[in-house]
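Following: one structure in structure tokens, then a few remarks.
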Amino acid sequence: MRAEQYQKALTYFVLAENRDAAQTFITTLPKNGPKTAQAQAWWQAAQILRHQGMALTGYEMAPDFAVYDGWYSSPYYGWGPEGSPMTKSWISAGERQRVQLSQPKQDNHFMHYRWQAVKLAEKSADLLPRKSQTYAAVLCHAAGWIWAQDPAKVKRLYKRYVKNGASFPWAENFGQNCPEPDFTASGVGRKERE
């Protein structure tokens, strides 16, 4: 899944619920068609990745620690029992090197799949009318997904909204209290239907 070899990845999901989520993600990815339909597909894929990303693209060890359901977020050989020089490490130097080589090349953060979901949400926003509620709500949710982890990215998403989007009363809490994007709203897809 991380390498975007989706069909091959399906065979690696032992649990049916994770395999089904992966299949839903794959099926949801946009095909050719109206921009609004593509935007909605990117949004749905972003939501799947945001909410099920640990199971779909999470790393078993660093940076996500999927093996612990993400409850342990620090590099396992720099903090906690592994960080103590008094504790003999159960992880060999060779294994540490293999882990380092397998880490994400971009967005190497704990819960890195959230940044992947934000990228998909941004693809959705790219296809939406800038002044629509849908555009604003998609960016609002994306900001909320990384609110505590990446203030600089949240600020960039907010600046994008302010520069291009329309004003909405709820936007004063951008990234915190976001309405669901309304893909059926007037203005979204209107040009495509005309």
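Number 159 in the UniProt record's numbering belongs to position 159 of the sequence shown; there are no gaps in the numbering.
In this text, a Cβ means the ideal position worked out from N, Cα and C, and glycines have one as well.
Per-residue burial, residue i [other beta carbons within 10 Å of its own, 16 or more giving buried]
i           : result
residue 34  : exposed
residue 27  : exposed
residue 71  : exposed
residue 102 : exposed
residue 146 : buried
residue 138 : buried
residue 59  : buried
residue 7   : exposed
residue 67  : exposed
residue 118 : buried
residue 196 : Residue 196 lies beyond the residue range present for the chain, which begins at 1 and ends at 194; the question has no answer from this structure.
residue 93  : exposed
residue 14  : exposed
Among the options, the one whose alpha carbon lies nearest that of residue i
i           : options             : result
residue 131 : 6, 140, 66 and 164  : 164
residue 150 : 162, 169 and 112    : 112
residue 96  : 115, 63, 69 and 110 : 63
residue 126 : 99, 178 and 161     : 161
residue 53  : 105, 110 and 124    : 110
residue 31  : 93, 14, 124 and 69  : 124
residue 176 : 140, 185 and 155    : 140
Whether residue i touches residue j by CB criterion (8 angstroms)
i           : j           : result
residue 174 : residue 134 : no
residue 143 : residue 157 : yes
residue 45  : residue 29  : yes
residue 170 : residue 179 : yes
Residues near residue i by beta carbon distance below 7 angstroms, same chain, minus five either side
i           : result
residue 168 : 133 and 136
Neighbourhood of residue i by C-beta, 8 angstroms cutoff - its chain only, sequence neighbours within 5 removed
i           : result
residue 56  : 1, 18, 21, 22, 25, 48, 49 and 113
residue 76  : Reliability fails at residue 76, whose pLDDT of 49 lies under 50, so the model's placement of it is uncertain and the value that follows must be treated cautiously. Cβ neighbours of residue 76 beyond the five flanking positions: 61, 62, 65, 82 and 91.
residue 69  : 54
residue 155 : none
Residue range of the unbroken alpha helix (DSSP H) whose run includes residue i
i           : result
residue 26  : 16 to 28
residue 151 : 151 to 164
residue 58  : Neither: residue 58 is in no alpha helix (DSSP H) and is coded neither H nor E.
residue 139 : 133 to 145
residue 195 : Outside the shown range of the chain, which is 1 to 194, sits residue 195, and nothing can be said about it.
residue 93  : 93 to 102
Close beta carbons around residue i, own chain, < 6 angstroms, minus the five adjacent residues each side
i           : result
residue 39  : 124, 127 and 128
residue 166 : 131
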